[in-house]
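Encoded as C-alpha cells, the structure appears first; notes follow it.
2 protein chains.
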Amino acid sequence: MINEKYKAMLGEKSVIRMISERAAARRAEIGADEVFDFSIGNPSVPCTPAFTNAVIDLYENEAPSALHGYSPSVGITSFRGAVADSLNRRFGMDYTEQHIFPTSGATGSLAHAFRAVTKPGDEVLTFAPFFPEYIPYVEGTGATLTVVPPDTTAFQIDFEAFERALNPNVAVVLINTPNNPSGAAYSAATLERLAGILRDKQTEYGHDIFIVSDEPYREIMFDGAAQAYPAKFYDNTLTCYSFSKSLSLPGERIGYVAVNPRATDADVLVPMFAQISRTIGHNCPSSTMQLAVERVIDDTSDLSIYEANMNLLYDALVDLGFEVVRPSGTFYIFPKALEEDANEFARKAMEYDLFMVPSDSFGMPGYLRLSYCVETEHLRKAIVRLRQFVTEVYGERE
Amino acid sequence: MINEKYKAMLGEKSVIRMISERAAARRAEIGADEVFDFSIGNPSVPCTPAFTNAVIDLYENEAPSALHGYSPSVGITSFRGAVADSLNRRFGMDYTEQHIFPTSGATGSLAHAFRAVTKPGDEVLTFAPFFPEYIPYVEGTGATLTVVPPDTTAFQIDFEAFERALNPNVAVVLINTPNNPSGAAYSAATLERLAGILRDKQTEYGHDIFIVSDEPYREIMFDGAAQAYPAKFYDNTLTCYSFSKSLSLPGERIGYVAVNPRATDADVLVPMFAQISRTIGHNCPSSTMQLAVERVIDDTSDLSIYEANMNLLYDALVDLGFEVVRPSGTFYIFPKALEEDANEFARKAMEYDLFMVPSDSFGMPGYLRLSYCVETEHLRKAIVRLRQFVTEVYGERE
C-alpha cells in the first residue's frame, strides 16, 4: 500500500539537483578548481562570529534542560519579540510577538502560510520566473498554482497578464522579492500597484486575498538599496522569512511567518499555524537556534561578496552579448540563452565544465539561472571559461 | 478566506496543555516547591556533557559554511550510517544508511511514515491508551484513526478486539512501546503474535499492512530489561524515533525513520520520504544536530532517576489503594482513578495543587496519567501531598 502519488514524484528529478550532481561528479573527476558550478544557491560566506559565539555561550552557560526543552508550540516568546522589534525598527511596522511564528526555514514558513489562508481547490497565483519548489509546496496543500507570464523587460509584474489571471478562486498571490531566479526586486511602485489591484478585487469578489511574501533574499540587495517591505503596502500580507541566506545558516532551519497586524483575523492566524503544525509533523525550530538568532537578530553575514560577484558576472555577460537584466539583489543572475533552447545551451556549456540551470522549470523557457555564491577568484576563472565557451561555440559577439 | 478546518481546531484545547497551564499559573502564585505537576513529559535530566562538548567542538573547529550548509534532502550520510550501525549492533538488524531518514523529531518521523504507506481514506489502527496527538497526526494525512479497546490487565494487546477491528481498509497498525501513557512495554510474545496476525491478514487482503512503531521511549526501560525491537518481528515495519527522551533534547528536534530492509519497496521508501518533505514544509533536521548526535549515537542521559521515581510512585499508589499496572518503561504511570470520572478526580486533586491528566483523551476514561520526570526530592513531597489528598477526600484506604 505504498502511496502512489509520492511514488510517482520519484520520477520528477529536479533539474537543479541533476545539474549540481553532475557538477559534483565532475569535481571528483578533475578537481574543484576546474569545475565552474553555477547551479546551487548555497551561501558561500560564513555565518558571523557573533552567531557562533552566541551558540557556544548558550551551550556553556545555560542549563541544558532549559536550553534543550520543548519550545512552546507558537515559539519562544523572547525570539518572537526580537523578530517583531527588528521588523518594526527596520520597516516601520507595528508587530508584537503575537504576530510572529517561528518555523523551520522558509519551507516550513510557506507550508503554514498557505494552509492558513487557502482551502483545497483554491488557486495560488505567482509570477514567472519562480522557484520551482513552489509547485510541490502549493500542491501539497490541495490548492493549485497558477503562473502569471513574466514581464521580461525588468522582471517586475506584467499587470495586464496579472489582471487577466485574477478570478474569484484566487485566495493567495505569492511573491518573491528579491527574486529567485531573476535577482529582480519589486519596486515600491510595483508593490503599490499590486496592492491597489488586490484591494479592488477583494471588494469585487467579496473575500480576502492574501499576499504570501517569500523573502529569504531580503537582506541581499545591491547598490545600497533596500527592498521595499511588501506588508507595508497591503494589509493581508503574510511575510515568510528564513535566516538561511542573511546569516548563512541554511542547514539550521530557522525562519518565521510574520502576520501583518492589520490582516483579517490577524489575532487567530498564529494560533492557527500551531494547529497546522500538528497536522504536518512540524514543531518549532530548534530552541537553541531561536535563542541564538535572537541575540544577533539585526546582523547579517558579510554579504558584499555577492554584489562584487554580480558586477563581475553582469559585465562579462553584457560584454559577451547576452541579453540580461541587472539583478537588484540575491545571488542569482538570469540571462537569456544564446540559442532558443536553453537546455541545449546548458548541455553545450557542460562540455566546458560550466554548469548552469536552464529556466524551463522556473516557468519561462529560454533563460539560464547562474548562482554566483562562490569565491570571487573562482568566478574570475569561470568567466574566462565562459568567454572561451561562447566564442568557440557561438562565435565572436559584441 | 481563513481556512475553517484549522480555525475550528482552535477550540480543541489539549487537556494536557490546559492542566499544565494551570500548574504553571499556580507556580507563579505560590512557588514551584508547593506545586506538584504530573502533567508534562519533558525530560528532567540534562543531556550528556559528551553531547554538549560535541556541539561546542563542531562550532569551534568546523568551517561554518560546511557545518551550516544544506543537509542533503535524505539527510547527512554519516549520521544515517551511524544510526544504521547502532541499530544493527543493538538489535541485530541489517540496516544500511539507505534505510535511515533523519527527521525533526518523532512528530516529523510519523508525518513521513504515515504518508508513505497510506492514502487518504485508509484506516490506521492503534491501541488504547494512546498519545492523543496521534489524532491530528493521522487525520492530517487524510487517513482515519481507529482505536482498538485496551487490555486493561497489563496494557499489552487485546487480540480479540484487535482481530474484530481489522478489515481490508487497514493500511497501518500504529504501536507505541514502551507506551505513553501506560508505561507498558510490549513483550516479545505480544510482538510475535501481532506479527503473525498481520502476516495472515496481508495474505487474506492481498495487500501490505505496515506497522508504524513510535519508539521515543525505547531507551527508558526498567529492571535492566530492554524493549523487544518490533521491526525484528515483522518485515513491513517503519521505526519512528526521536532523541528527545534518550538524550534529553526535545527542543532540538532530531529523530529518524528506519525502514526495515525487508519491507515491501524498502529501497524506494526513503526517497519517497524526501518527496513527502517537499509537500509538508519539512526539510532535514539541523545539520549540526545530525553531526553532533552522530558522535554520541549510543549514549543516553542518566535515565536512572526515572526508574527510582517510578518505584517510589508505584509503591505509594499501591499503598494508597490505587489499581495500577507497574510500568516497564517511560516516565509515565497510569493508575485507575478512585472514582468513576477521572476528570472529577483530577479536578479535586488540583485543589491540593496536584496536577494529573485524566485519561479520556488517551482513548480510555477512568484513569490518570502521571508524569514523574521531576527531581526525586520533589516527588517525595508530592507523594506526601497525594496521601493527604486521598485520605482527606476518599477516606482511609488499604
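As they're listed, the protein sequences go chains A and B.
Residue 137 in full-length UniProt numbering sits at position 137 of the first sequence, with consecutive numbering throughout.
Residue 302 in full-length UniProt numbering sits at position 302 of the second sequence, with consecutive numbering throughout.
Where is the CB? At the ideal position from N, CA and C, for every residue including glycine.
Report task. Drop a sphere of 10 angstroms on the beta-carbon of Ala-225 (chain A), count the other beta-carbons inside from all chains shown, and report buried for 16 or more, exposed for fewer. Result -> Per the 10 Å Cβ criterion, exposed.
Report task. With DSSP as the reference, please indicate the residues paired to Phe-51 (chain B) in a beta bridge. Result -> Residue pairing by DSSP leaves Phe-51 (chain B) without any beta bridge partner.
Report task. Could you run through the segment 44-72 of chain A and flag, in chain order, every residue whose CB is less than 8 Å away from some CB of chain B? Result -> Cβ contacts with chain B: Ser-44, Val-45, Pro-46, Cys-47, Thr-52, Val-55, Ile-56, Tyr-59, Glu-60, Ala-63, Pro-64, Ser-65, Leu-67, His-68, Gly-69, Tyr-70 and Ser-71.
Query raised in the report: Counting only runs that start and end within the segment 280-353 of chain A, where is the beta strand (DSSP E) found for 3 or more residues in a row?
Result: Listed in chain order, the beta strand (DSSP E) elements of length 3 or more contained wholly in the segment 280-353 of chain A amount to none.
Query - Whole-number beta carbon distance between Lys-336 (chain B) and Val-324 (chain B), since they are thought to touch under 8 Å - result: Yes, they are in contact, since the Cβ atoms of Val-324 (chain B) and Lys-336 (chain B) sit about 7 Å apart, within 8 Å.
Requested in this report: Verify the CB distance criterion: does Gly-251 (chain A) have a CB-CB separation below 7 Å to chain B?
Outcome: At a cut-off of 7 Å, the C-beta of Gly-251 (chain A) has a neighbouring C-beta in chain B.
Query raised in the report: Near Asn-176 (chain A), what residues of its chain come up, given a Cβ to Cβ distance below 7 Å and the 5 sequence neighbours on each side ignored?
Result: The answer, listed in chain order, is Phe-130, Phe-131 and Asp-214.
Query raised in the report: Considering Arg-90 (chain B), what are the terminal residues of the alpha helix (DSSP H) in which it resides?
Result: Boundaries of the alpha helix (DSSP H) around Arg-90 (chain B): 77-91.
Requested in this report: Can you have a look at Ser-248 (chain A) and say buried or exposed, based on whether 16 or more other CB atoms are within 10 angstroms of its CB?
Outcome: The residue in question, Ser-248 (chain A), is buried, as its Cβ has 16 or more Cβ neighbours within 10 Å.
Query raised in the report: Of all the CB atoms in chain B, is at least one closer than 7 Å to the CB of Arg-278 (chain A)?
Result: So, interface residue.
Query - Interface residues of chain A facing Asn-260 (chain B) [CB-CB closer than 9 Å] - result: In chain order: nothing, as chain A lies at least about 14 Å away.
Requested in this report: Could you tell me which residues DSSP puts in a beta bridge with Arg-387 (chain B)?
Outcome: According to DSSP, Arg-387 (chain B) shares a beta bridge with no other residue.
Query raised in the report: Alpha carbon to alpha carbon, what distance is there between Glu-139 (chain B) and Gly-69 (chain B)?
Result: The alpha-carbon atoms of Gly-69 (chain B) and Glu-139 (chain B) are separated by roughly 34 Å.
Query raised in the report: In three-state terms, what does DSSP make of Tyr-6 (chain B)?
Result: Helix, per DSSP.
Requested in this report: Compare the C-beta of Lys-119 (chain B) with all C-beta atoms of chain C and state if any pair is closer than 7 Å.
Outcome: Considering every chain present, this structure includes no chain C. Its protein chains are A and B.
**Report entry** With 16 other Cβ atoms within 10 Å as the buried cut-off, status of Ile-220 (chain B)
**Finding:** By the 10 Å Cβ count, Ile-220 (chain B) comes out buried.
Query raised in the report: Can you list the residues of chain A that Tyr-6 (chain B) reaches, using a CB-CB cut of under 7 Å?
Result: Against chain A, the beta carbon of Tyr-6 (chain B) has neighbours under 7 Å at Arg-115, Ala-116, Met-272, Gln-275 and Ile-276, listed in chain order.
Query raised in the report: Do the segment 44-53 of chain B and the segment 295-309 of chain B touch if we need at least three Cβ pairs shorter than 8 Å?
Result: As far as the Cβ criterion goes, the segment 44-53 of chain B touches the segment 295-309 of chain B, which means the pair count is three or higher.
Query raised in the report: How should Lys-245 (chain A) be labelled, buried or exposed, when 16 other C-beta atoms within 10 angstroms of its C-beta is the threshold for buried?
Result: Around the beta carbon of Lys-245 (chain A), 16 or more other beta carbons sit within 10 angstroms, so the residue counts as buried.
**Report entry** Cys-284 (chain A) versus Pro-261 (chain B): straight-line alpha-carbon distance, rounded
**Finding:** The alpha-carbon separation between Cys-284 (chain A) and Pro-261 (chain B) amounts to approximately 31 Å.
Query raised in the report: Mind pulling the chain A residues with CB within less than 9 Å of Val-268 (chain B)?
Result: Correct list: Ile-2, Lys-7 and Leu-10.
Query raised in the report: Any chance the segment 145-152 of chain A sits against the segment 79-93 of chain A, with 3 or more Cβ pairs inside 8 Å?
Result: The segment 145-152 of chain A makes no contact with the segment 79-93 of chain A, as fewer than three CB pairs between them are under 8 Å.
Report task. Give the residues of chain A in contact with Ser-248 (chain B), contact being defined as C-beta atoms less than 8 Å apart. Result -> Neighbours of Ser-248 (chain B) on chain A, chain order: Pro-64, Ser-65 and His-68.
Query raised in the report: Touching or not, the segment 265-282 of chain A and the segment 300-315 of chain A, by the rule of three or more beta carbon pairs under 8 Å?
Result: As far as the Cβ criterion goes, the segment 265-282 of chain A does not touch the segment 300-315 of chain A, which means the pair count is below three.
Requested in this report: Identify whether Ser-213 (chain B) lies in helix, strand or coil by the three-state DSSP scheme.
Outcome: Note: Ser-213 (chain B) maps to strand in three-state DSSP.
Report task. Check the Cβ of Pro-216 (chain A) against every Cβ in chain B and list those closer than 7 Å, keeping chain order. Result -> Within chain B, no residue comes near Pro-216 (chain A); the closest Cβ sits about 13 Å away, beyond 7 Å.
Query - CB contact flag (Ala-231 (chain A), Thr-237 (chain A), <7 Å) - result: Yes, they are a contact pair.
Query - Glu-123 (chain A) - containing beta strand (DSSP E), residue span - result: That run of the beta strand (DSSP E) goes 123-127.
Query raised in the report: What are the boundary residues of the alpha helix (DSSP H) that includes Thr-237 (chain B)?
Result: No alpha helix (DSSP H) contains Thr-237 (chain B), which is instead part of the beta strand (DSSP E) from 237-242.
Requested in this report: State whether the segment 272-289 of chain A contacts the segment 4-13 of chain A, with contact taken as three or more CB pairs (one from each stretch) at a distance under 8 Å.
Outcome: Counting C-beta pairs closer than 8 Å gives fewer than three between the segment 272-289 of chain A and the segment 4-13 of chain A, which falls short of the contact rule.
Query - Buried or exposed (CB count within 10 angstroms, at least 16 for buried), residue 400 (chain B) - result: Residue 400 (chain B) is absent from the model: chain B starts at 1 and stops at 398.
Query raised in the report: If we count Cβ pairs, one from each stretch, closer than 8 Å, do we get three or more for the segment 194-213 of chain A versus the segment 52-65 of chain A?
Result: Because the criterion of three Cβ pairs below 8 Å is not met, the segment 194-213 of chain A and the segment 52-65 of chain A do not touch.
Query - Proximity to residue 412 (chain B) [Cα-Cα], best of B:Met-350, B:Ala-171 and B:Thr-376 - result: Any question about residue 412 (chain B) goes unanswered here, given that chain B covers just 1 to 398.
**Report entry** Euclidean distance between Cα positions of Thr-279 (chain A) and Ala-32 (chain A)
**Finding:** Looking at the two C-alpha atoms, the distance is approximately 43 Å.
Query raised in the report: Do Ser-65 (chain B) and Pro-46 (chain A) have their CB atoms nearer than 7 Å?
Result: The Cβ atoms of Ser-65 (chain B) and Pro-46 (chain A) sit closer than 7 Å to each other.
Query - Among B:Ser-73, B:Val-74, B:Glu-97 and B:Pro-72, nearest to Val-83 (chain B) - alpha-carbon criterion - result: Closest by C-alpha distance to Val-83 (chain B), out of B:Ser-73, B:Val-74, B:Glu-97 and B:Pro-72, is B:Glu-97.
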